[in-house]
Amino acid sequence: MPTYDIIDTHYIESTPDKVWAELVSELNGGGRWWTPKNTFKAGARPPQELLGETEVTVHAKGVDQGGPKFKFIARTTSVDPGRRIAADYVSGSFLGSCEFFVEPAAGNRTKLSMHFNAAPQGFMKVISKLSDVGQQHSEGAQGAFTRLNALLSDKAATPGSLDSTVRTSDGAEIAVTVATPAGPSLGTVVLSHGWAAGREAWAGVRRRLLSAGHTVVSYDHRGHGASTLGSAPITVERLGLDLADVLAAVDVRDAVLAGHSGGGFAAQWYVTNRAAEAGVRVKALALFATAAHDQDAPNSEISLMGNPVFSWALRRAPLGRKMLGSTLGPEPLPSVSETNRAMFAAIDRKTRAAFFAAGRGMDFRAALASVTVPTVVLAGDADTVIKPELGAAVADALPNARFESVPRCGHMLPLEAPERLTQVILELAG
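The sequence shown begins at 17 in the working numbering and counts up by one.
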């Protein structure tokens, strides 16, 4: 019988007191950010008190969506108010323990961690033989932490923030956030993230754009964050169509479209295959750490992305950060390394493999010759994932583009250089 020993960590764009208040509220049944996968019901003594009890229900298909539900009881064993709650799972589908840690982080942020150390019981033992329960636990935790971050960071950043869902033709539900500045908007920016990341990758850029007076539209690619997968195969065309659906649903006009890595592939597909629409909706392009061709990932890389052992290792914070070190520059901030790992680890391994295979055969270079909007292409000079010369080739293919190298940065430019990316976007926005 397996015992799962998993630590999931996330950086929240808010202060520890607010994160603690939301954590306590959720464990008492608040239902604001751990749904749709988990719900909580407090006992006679609340979970933030010693020997308090919480009934945890895991909804396999989501709340009110049918499917099996698994329940277990957590009894609080230790509390350090504002910092830590520890509990034992004393009955039900799991036996073991869990701990939540709330720690201050640089930039008025909070590091929220959950340590899950438990063994399945009853029918959950059968489930654990048929699927990767540890991966599903981490996906649920990271999805919850992502929603908490959106809840608190958007609230802190602007009084005008709207979350919505865009349903695609194949049934995927794309999670979209439209954040507006406190005063009159100076224009719209659309942010399309890279594979195995999420809307949160743009947190630093989004915050700066809002402060500068711009409306910011961000979304999770299908199978990422709060977006569902849908039934269509993962291709660059399908992801470009998803982007088109988001732009149409929000009715974006005259926006700067920014794409990082695979998000840049989707952006290039859109402007080359939906030229008439793009002429109305996009006035400039900002392409970061991306390419127009030469993305034929070898079978060995695709197999690694889908490997369950690789996924297991990613969920171990120190090991996962080390494994993904080559995606960053030579001296990344610890918070950047951890955010990068947490996003990567949160993606289902089969979905991750499908996304990394999607670039095979892609070549936009000839089609880009007809895209005349102002464009800036940035690449980290230490990027080993998509080599800088491939970014330069994108700029060469576009009639009205320039290429710049970002010193001492790797592939994850939205995390590593949010100030520079914001400067480029604002320049294009005029």
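Glycine residues also receive a C-beta, built at the ideal position from the N, C-alpha and C atoms.
| query | result |
| --- | --- |
| Residue 82 classed as buried or exposed, judged by whether at least 16 other C-beta atoms fall within 10 angstroms | exposed |
| Start-to-end residues for the alpha helix (DSSP H) that takes in residue 405 | 404-413 |
| Unbroken alpha helix (DSSP H) run spanning residue 74, endpoints | Careful: residue 74 lies outside any alpha helix (DSSP H), inside the beta strand (DSSP E) at 69-75. |
| Straight-line gap, residue 429 to residue 391 (C-alpha atoms, nearest Å) | 17 Å |
| Per DSSP, cross-strand counterpart(s) of residue 120 | 126 |
| Pick from 226, 309 and 217 that is closest to residue 405, judged by C-alpha positions | 309 |
| Contact under 7 Å by Cβ, residue 224 with residue 438 | yes |
| Between the CA atoms of residue 148 and residue 77 - distance to the nearest angstrom | 15 Å |
| Rounded separation between residue 29 and residue 70 - CA only | 27 Å |
| Burial state of residue 416, where buried means 16 or more other Cβ atoms lie within 10 Å | exposed |
| Secondary structure of residue 141, DSSP reduced to three states | helix |
| Separation of residue 162 from residue 188, as counted between CA atoms | 19 Å |
| Pair within 7 Å by beta-carbon distance, residue 331 and residue 154 | yes |
| Assigned secondary structure, residue 347 (DSSP; H/G/I helix, E/B strand, else coil) | coil |
| Residue 426 vs residue 345 beta-carbon contact at 7 Å | yes |
| Continuous alpha helix (DSSP H) assignments of at least 4 residues falling wholly in the region 203-284 | 219-227 and 252-266 |
| Buried or exposed (CB count within 10 angstroms, at least 16 for buried), residue 338 | exposed |
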